[in-house]
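Participant: First the structure, which I've put down as structure tokens, then a few questions once you've had a look.
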Amino acid sequence: MIRPTAALLALVLAAVSRCSSSAPLPPPHDAGGSTRPSGAAKSSRSASLPRPGDNVKLRGVLSEDVDCRLLKAENGETYSLSSKLPSLLNGSRVCVHGTISEVSQCLTQPSIEVSQVRNWSSCP
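The opening residue of the sequence shown carries number 1 in UniProt numbering; numbering runs sequentially from there.
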């Protein structure tokens, strides 16, 4: 048998837990303390990145993933490459010429359909 006080307490807790605040949440703050809409940093960064079909010349350092060769570019992005480039070692600083692909078999996206790999200094 449930005690009347315990039953009353359970009803009060159930009623209070259903209440929600209708006040909006404050905007997020970045490390500098300023506020901005949550997608602002992402959208401004993605606006400067190449899109599928764009021709690119990117400097970066070669590395590899489980399934593909990667380029860690100067712009901070990591791109998968369509070619394994077996004659180049991981850590090689190169300039990759190619086209941003829409699809790739690699896990890392975006991907570059490689047309040439040149010396680091050949990139603009």
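Just so it is clear, CB atoms sit at the ideal spot from N, CA and C, and this is done for glycine as well.
Taking only heavy atoms of the ligand MN into account, decide whether any of them is closer than 8 Å to the Cβ of T99.
Facilitator: Ligands displayed in this structure: none; no statement on the ligand MN is therefore possible.
Participant: For P86, count the other beta carbons within 10 Å of its own beta carbon; 16 or more makes it buried, fewer makes it exposed. Which is it?
Facilitator: Numbered from 1 along the sequence shown, position 86 holds the residue referred to as residue 86. Counting Cβ neighbours within 10 Å, P86 comes out exposed, since fewer than 16 surround it.
Participant: Determine the contact status of G98 and L81, defining contact as a CB-CB distance below 9 Å.
Facilitator: For the purposes of this step, residue 98 is taken as the residue at position 98 of the sequence shown. For the purposes of this step, residue 81 is taken as the residue at position 81 of the sequence shown. Yes, they are a contact pair.
Participant: Going by the beta-carbon positions, is the gap between S83 and V114 smaller than 9 Å?
Facilitator: The residue you call residue 83 lines up with position 83 of the sequence shown. The residue you call residue 114 lines up with position 114 of the sequence shown. Yes, the pair counts as a contact, with Cβ atoms nearer than the cut-off.
Participant: Sort out for me which residues DSSP pairs G91 with in a bridge.
Facilitator: One-based indexing of the sequence shown puts residue 91 at position 91. DSSP lists no partner for G91.
Participant: Nearest by alpha-carbon distance to D67: which of L107, S121, W120 is it?
Facilitator: On the sequence shown, position 67 is the one that residue 67 refers to. Measuring from the Cα of D67, the nearest candidate turns out to be L107.
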